[in-house]
Amino acid sequence: MENIAQNIRSVRDTIADICLKRNRRPEDVHIVAVTKTKPFDFVENAIQAGIHIIGENRVQEAAEKKDHVASPASWHLIGHLQTNKVRKALNLFDLIESVDSLHLAEKIDLESKKLGKQTEILVQVNTSGEQSKFGIEPSKAIELIRAISNQCEALRIRGLMTIGLFTDDEKKIRPCFIRLRELSEKVAALNLPHVEMKHLSMGMSGDYQIAVEEGATLVRLGRVLFGERY
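Per my numbering, the sequence shown starts with residue 453, numbered consecutively.
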């Protein structure tokens, strides 16, 4: 497990170096440790090594792990959320990063009101144009955000999320992150109720350095911290 701590330190050093070059504060970039398929002791060790945010793709897997993880952390849902899993998700996660439709937002809003709580979300945007990925089209994102702001009183939009193009070509990956940052700036300028562009969740193990260069505040890292998935 020592490797996990070493890997976390290495990633933090890399982020700090990038932030220095980009005139950013390293403390403004947060690691979301993606623990998909990893056993709960990996989660516990990551938290002990200084990780504050755990990212899970599936509601059921998160529920099973939280029962075994004693150390406090913030839990983010980073995978697609089915409407029939919304109520359970609201009892597990502190931030839902993957809201990409008004239908889903309305369901989260309804269940949040039943629970008497406000729910923080990110809007997932498909900036790569890949049909296999979830996320609202960039051209329709502001319309969705306006609708959520107007119609979903229990929701608080805290930023945007995207997944970069699946390629090793930096010239094709970077525009995905630039699009999200530019969209965030446009949304922020609208000053919509219950909407705050606090976070840009973008970048994974293979491209997080580019994402940090382009303004990421949340980087979702699995392999670079834990090694290959089981």
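Positions of the beta carbon are idealized from the N, C-alpha and C atoms, including for glycine.
Just so it is clear, the structure is predicted and the values come from calculations on it, not from any experiment.
- Of all alpha-carbon atoms in Asp465, Ile506 and Arg477, the one lying nearest the alpha-carbon of phenylalanine 678 is that of Ile506.
- Within the segment 560 to 602, complete beta strand (DSSP E) segments of at least 3 residues are found at 571 to 576, given in chain order.
- The residues Arg672, in chain order, have a CB closer than 6 Å to that of methionine 656 in the same chain once the five nearest residues on each side in sequence are set aside.
- Cβ-Cβ separation between isoleucine 548 and alanine 541: approximately 7 Å, consistent with a contact (criterion under 8 Å).
- Contact between isoleucine 456 and asparagine 497 holds: CB atoms are separated by about 5 Å, below the 8 Å threshold.
- Take the alpha-carbon of arginine 464 and the one of leucine 562: they are about 39 Å apart.
- If you draw a straight line from the Cα of asparagine 475 to the Cα of leucine 670, it comes to about 17 Å.
- In the three-state scheme derived from DSSP, where H, G and I count as helix and E and B as strand, glutamate 605 is classed as coil.
- In this structure, isoleucine 588 lies near valine 577, with their beta-carbon atoms less than 9 Å apart.
- Across the structure, histidine 504 and asparagine 602 are spaced so that their CA atoms are roughly 32 Å apart.
- Inclusion of alanine 668 and phenylalanine 629 in the CB contact set at 9 Å is warranted, their separation being smaller than that value.
- Residue pairing for histidine 482: DSSP places it in a beta bridge opposite Leu670.
- For glycine 616, the CB contacts under 6 Å within the same chain, skipping 5 residues up- and downstream, are Ile625, Cys628 and Asp659 in chain order.
- Assigned with DSSP and collapsed to three states, leucine 617 falls in coil, not helix or strand.
- A direct Cα-Cα distance of roughly 11 Å separates threonine 487 from valine 676.
- Across the set Phe618, Leu574, Arg461 and Ala515, the C-alpha of Leu574 shows the shortest separation from the C-alpha of isoleucine 594.
- Taken in chain order, the unbroken stretches of beta strand (DSSP E) that lie wholly in the segment 466 to 525 and span 3 residues or more are 482 to 486 and 505 to 508.
- Excluding the 5 residues flanking it on each side, histidine 520 has same chain C-beta neighbours closer than 7 Å at Phe492, in chain order.
- Leucine 567 places its beta carbon 9 Å or farther from that of asparagine 536.
- About 5 Å separates the CB atoms of serine 636 and leucine 612; that is less than 8 Å, so the two are in contact.
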